[in-house]
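Remember, our numbering sits 26 above the position in the sequence shown when you count from 1.
Written out below as structure tokens is the structure these notes cover.
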Amino acid sequence: MGLNVNQSRQDVPDGGTSLAIELGHELERESLLAAILNDLGNAYERADREGIGWIVPGWRSRSSMLGQAVSFQRDGTLIRGIAEDVLADGALRVRLEDGAQISVVAGEVERLRTAQS
Numbered sequence: 027m028g029l030n031v032n033q034s035r036q037d038v039p040d041g042g043t044s045l046a047i048e049l050g051h052e053l054e055r056e057s058l059l060a061a062i063l064n065d066l067g068n069a070y071e072r073a074d075r076e077g078i079g080w081i082v083p084g085w086r087s088r089s090s091m092l093g094q095a096v097s098f099q100r101d102g103t104l105i106r107g108i109a110e111d112v113l114a115d116g117a118l119r120v121r122l123e124d125g126a127q128i129s130v131v132a133g134e135v136e137r138l139r140t141a142q143s
């Protein structure tokens with residue numbers, strides 16, 4: 027997983043963005059890393075106390091991919107479908123054109139551009 031921090035519009039591909047683009051100013055990378063690590067530590071402590079049941083609902087509510095057309099490679103074949111859900115194990119459930127549902131556990135999933143986007 028990567029995080030585009032201070033890239034300009036010219037530095038990212040179409041459809042990509044960075045924190046600097048979204049916020050309108052550059053960030054100090056070290057301060058950002060410290061904040062991320064602090065939040066990760068807090069999440070770890072919460073998971074240790076409460077279990078992990080709270081993680082996936084939060085992930086679902088923040089996902090920009092759910093309901094969108096996506097593609098990914100599996101065994102060398104390009105597969106397209108609609109991202110439907112984040113499962114309890116973190117896998118992405120995708121509904122294929124024939125109605126079948128599969129889980130994507132690892133790999134790069136790309137959101138497809140549609141005529142509306």
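By construction, the Cβ of each residue, glycine as well, lies at the ideal position given by its N, Cα and C atoms.
Going by C-alpha positions, residue 74 is about 33 Å away from residue 43.
Around the beta carbon of residue 122, fewer than 16 other beta carbons sit within 10 angstroms, so the residue counts as exposed. Note on residue 109: 16 or more other CB atoms within 10 angstroms of its CB, so buried under the neighbour-count rule. By the neighbour-count criterion, in which a residue is buried when 16 or more other Cβ atoms sit within 10 angstroms of its Cβ, residue 66 is exposed.
Annotation: the continuous beta strand (DSSP E) that includes residue 129 extends over 127 to 130. Judged by DSSP in its simplified three-state form, residue 76 adopts helix. Each of 36, 128, 113 and 101 was checked against the Cα of residue 107, and the nearest Cα belongs to 128.
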